[in-house]
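Colleague: Got a structure for you, written out below as structure tokens; questions coming shortly.
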Amino acid sequence: MNLFQPELRGAAGPDGPQGEVEKGSLIVDDVLRPQEATDAPGGDEMSRTPEAVREAERWTAHNYHPLPVVISSAEGAWVTDVDGRRYLDCLAGYSALNFGHRHPTLVAAAHAQLDRLTLTSRAFVHDQFADFCRELAQLCGKDLVLPMNTGAEAVETAIKVSRKWGYRVKGVPDGQATIVVADGNFHGRTTTIVSFSTDREARDDFGPYTPGFRIVPYGDLAALAEAVDETTVAVLLEPIQGEQGVVVPPPGYLPGVRRLCTERNVLFVADEIQSGLGRTGETFACDHEGVKPDMYVLGKALGGGIVPVSAVAADAEVLGVLRPGEHGSTFGGNPLACAVATEVVRLLATGEFQRRSAELGARLHAGLRGLVGEGLVAVRGRGLWAGVDIDPALMTGRQACERLAARGVLAKDTHGSTIRLAPPLVVEAHELDHVLEQLAAVLR
Ligand SMILES: Cc1ncc(COP(=O)(O)O)c(C=O)c1O
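Just so we're aligned, residue 18 is where the sequence shown starts under the working numbering, counting upward by one.
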């Protein structure tokens, strides 16, 4: 059984229409081929993959359309499936695994904490809390931190804090606060956040929508300046739009946003959930342009790929607007989360991961640029983060990901013909070269 053949998945999945996939073309390269592997996941009669995929589909809502790869273990940049096939993980949990799978320092911190204390709620203080908040605040160059769990919760926190700041500090009339966001944004999945999404799949059928958001074209300073008025409390942006296909704004845009926000007394809120924490070759994507937002929104890699940890970081005149009872989370800032995330912050404080991302990212981008005109039509990104547009005449992004998976490389498509490459920052140069070779072979 070959799970990459479209007839087994139906003609069209939630990620769009599935074109034909060549039969018999799913070759796993020798370097990656484990002893017992056959052509592709599910290609062996004894394979455990088809049944595991069927069971997962049988018992869950179909809110994802995963590649049929059933992962059972992982280490560093590599994962292994239930049939013993190894894959280089070039998605890295949408950048939640910047430090690789099961980084030994992070796993040791988790184990040690599991043996002592896991949950207190914020009704009490625990002994891991202050270290985490202080070290993260210092990494961000901010006075205060507010920890949550998922990225969407941190974005919600940023929205609530911005509105409250607007009413209490800026003096916006009650109930009239507006927040300016960008076209093509992705900030999460709550009802308020999808209210200002421009992606119909994310938004349609989930109304009624939360008011108070204005959407402007990403990268267009003039449009932003026009949208900001005396009711505006914040501009909420991804410094690089990840889910949109790793879209980097034009040079000067982020400094321009910074200037505008300062001039008009508006908070610049940078959603660095995917772009931050080393992914782009700096601690934050805003650093590339020397920009300091008023509030960082962080998540994903903050939990070290072990626990969900998110946070916002801002100065006291912003985050200090919250009073007891106005916002919170049972699990936010729990001892296990703090123990792991403190070690994440310490890993970042060494600068090693940012350096690796910058150096290896240059190698990745040089290689990808070499494929433009050879099956790729465009390449974008920074550091170890790339969005590549496949020539739609050749195949869809989904098909490219299927063929890459059959060659032992995991990546994720978005918006039809784009695929994202974001390997863990522990990836080695020769492994990146291998990814480039596999991509070239897929495009041939
Ligand atoms: C920029 C950005 N913000 C927010 C989120 C939402 O994070 P979560 O899925 O943890 O809620 C994501 C997730 O992909 C993201 O990329």
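Beta carbons: idealized from backbone N, C-alpha and C, even for Gly.
1. Leaving out five residues before and five after Gly259 in sequence, what residues of the same chain have Cβ atoms less than 6 angstroms from its Cβ?
2. When burial is assigned at 16 or more other CB atoms within 10 Å of the CB, is Ala73 buried or exposed?
3. Assign Ser112 to one of three DSSP states: helix, strand, or coil.
4. Indicate, with yes or no, if ligand 1 has a heavy atom lying under 6 angstroms from the CB of Asp2.
5. What residue range is occupied by the uninterrupted beta strand (DSSP E) comprising Thr97?
6. Determine the DSSP secondary structure at Tyr184, reduced to helix, strand or coil.
7. Answer yes or no: does any C-beta atom of chain D fall closer than 7 angstroms to that of Cys107?
8. Give a single yes or no on whether Gly463 has its beta carbon closer than 6 angstroms to a heavy atom of ligand 1.
9. Under three-state DSSP, which class holds Ile290?
10. Among all the DSSP beta bridges, which residues are the ones paired with Thr431?
11. Given Arg133, which residues of its chain have a CB within under 6 angstroms of its CB, disregarding the five upstream and five downstream residues?
12. Any chance the CB of Phe213 is under 6 angstroms from a heavy atom of ligand 1?
13. State the CB to CB distance for the pair Leu156 and Thr300, rounded to an integer number of angstroms; the pair is presumed to be in contact (CB under 8 angstroms).
14. By alpha-carbon positions, which one of Gly101, His118, Ala147, Leu123 ends up nearest to Asn351?
15. Grouping DSSP H, G and I as helix and E and B as strand, with all else coil, what is Glu419?
16. Per DSSP, which residues does Val198 bridge with? Please list them.
17. Looking at Leu381: is its Cβ nearer than 7 angstroms to the Cβ of Leu449?
18. What does the alpha-carbon distance come out to for the pair Thr471 and Lys317?
19. Run the CB neighbour count on Leu131, radius 10 Å, all protein chains shown included, and call it buried at 16 or more, exposed below.
20. Would you please state the rounded distance, in angstroms, between the beta carbons of Arg231 and Ala244? I believe it to be under 8 angstroms.
21. At a threshold of 6 angstroms, does Ile290 count as lining ligand 1 (C-beta to nearest heavy atom)?
22. Are the beta-carbon atoms belonging to Leu442 and Gly295 less than 7 angstroms from one another?
23. Using a Cβ distance threshold of 8 angstroms, determine whether the region 298 to 312 contacts the region 358 to 376, with at least three qualifying pairs required.
24. So the beta strand (DSSP E) Arg397 belongs to, where does it begin and stop?
25. Does DSSP classify Glu218 as helix, strand or coil?
26. Helix or strand or just coil, what does DSSP make of Gln261?
27. For the region 97 to 164, list the beta strand (DSSP E) runs that are entirely contained and at least 3 residues long, ordered along the chain.
28. Relative to the C-alpha of Leu456, which residue among Ala140, Gly117, Leu438 is closest?
29. Kindly indicate which residue of Phe116, Asn80, Gly158, Pro266 has the alpha-carbon position closest to the one of Arg397.
30. Could you check which residue in Ile196, Gly337, Val286, Ala358 has the C-alpha nearest to that of Gly320?
31. So for Glu462, helix, strand or coil by DSSP?
32. Does DSSP put Ala410 in a helix, a strand or coil?
33. Using a Cβ-based criterion (distance less than 6 angstroms to any ligand heavy atom), does His432 qualify as near ligand 1?
Modeller: The relevant details are as follows:
1. Position 242 of the sequence shown, counting from 1, holds the residue named residue 259. Excluding residues within five positions, the ones whose Cβ falls inside 6 angstroms are Gln291.
2. In the sequence shown, the residue the question calls residue 73 occupies position 56. Classification for Ala73: exposed.
3. Within the sequence shown, numbered from 1, the residue matching residue 112 stands at position 95. Helix.
4. A question about residue 2 goes unanswered here, because the residues of the chain that appear run from 18 up to 461.
5. The residue you call residue 97 lines up with position 80 of the sequence shown. Taken as a continuous stretch (DSSP letters only), the beta strand (DSSP E) holding Thr97 covers 95 to 98.
6. Reading the sequence shown from its first residue, position 167 is the one you call residue 184. Reduced to three states, the DSSP call for Tyr184 is helix.
7. Protein chain content of the structure displayed is limited to a single chain, and chain D is not contained in it.
8. Only positions 18 to 461 of the chain appear in this structure, which leaves residue 463 out of reach.
9. Taking the first residue of the sequence shown as position 1, residue 290 is located at position 273. In this structure, Ile290 counts as coil in the three-state DSSP scheme.
10. Against the sequence shown, residue 431 aligns to sequence position 414. The partner list for Thr431 (beta bridge, DSSP) reads Thr435.
11. For the purposes of this step, residue 133 is taken as the residue at position 116 of the sequence shown. Result list for Arg133: empty, nothing under 6 angstroms.
12. The sequence position of residue 213 within the sequence shown is 196, counting from 1. It does not: the Cβ of Phe213 is nowhere closer than 6 angstroms to a heavy atom of ligand 1.
13. On the sequence shown, residue 156 is found 139 positions in, with the first residue counted as 1. On the sequence shown, residue 300 is found 283 positions in, with the first residue counted as 1. So it is a contact: roughly 7 angstroms between Cβ atoms.
14. As a working mapping, residue 351 is identified with position 334 in the sequence shown. Checked all of Gly101, His118, Ala147, Leu123; the closest Cα to Asn351 is Ala147.
15. Taking the sequence shown and counting its residues from 1, the one referred to as residue 419 is at position 402. Note: Glu419 maps to helix in three-state DSSP.
16. Within the sequence shown, numbered from 1, the residue matching residue 198 stands at position 181. Note: Val198 sits in a beta bridge opposite Ile232, Leu253.
17. Numbered from 1 along the sequence shown, position 364 holds the residue referred to as residue 381. Numbered from 1 along the sequence shown, position 432 holds the residue referred to as residue 449. It is a contact, given that the beta carbons lie within the stated cut-off.
18. Residue 471 cannot be examined here, being either before or after the span of the chain that is shown, 18 to 461.
19. Residue 131 sits at position 114 when you count from the first residue of the sequence shown. So Leu131 counts as exposed.
20. Looking up residue 231 in the sequence shown gives position 214. Looking up residue 244 in the sequence shown gives position 227. Contact holds; Cβ gap of about 5 angstroms.
21. Your numbering for residue 290 matches position 273 in the sequence shown. At least one heavy atom of ligand 1 is nearer than 6 angstroms to the Cβ of Ile290, so yes.
22. What you label residue 442 is simply residue 425 of the sequence shown in a count that begins at 1. What you label residue 295 is simply residue 278 of the sequence shown in a count that begins at 1. Yes, they are a contact pair.
23. yes
24. Mapped onto the sequence shown, residue 397 falls at position 380. Element bounds for Arg397: 393 to 398.
25. Position 201 of the sequence shown holds residue 218. DSSP places Glu218 in helix when its eight states are reduced to three.
26. Taking the first residue of the sequence shown as position 1, residue 261 is located at position 244. Residue state, collapsed to three classes: coil.
27. 103 to 106
28. Sequence index remark: in the sequence shown, residue 456 carries index 439 (1-based). Comparing Cα positions, the closest option is Leu438.
29. Here the question's residue 397 lines up with position 380 in the sequence shown. Selected option, being the one with the closest Cα: Pro266.
30. Walking along the sequence shown from the start, residue 320 turns up at place 303. Of the candidates Ile196, Gly337, Val286, Ala358, the one whose C-alpha sits nearest the C-alpha of Gly320 is Ala358.
31. The question about residue 462 has no answer, for the chain in this structure spans 18 to 461.
32. In the sequence shown, residue 410 corresponds to position 393, counting from 1. Reduced to three states, the DSSP call for Ala410 is coil.
33. To locate residue 432, count along the sequence shown from 1; it is residue 415. For ligand 1, not one heavy atom lies less than 6 angstroms from the Cβ of His432.
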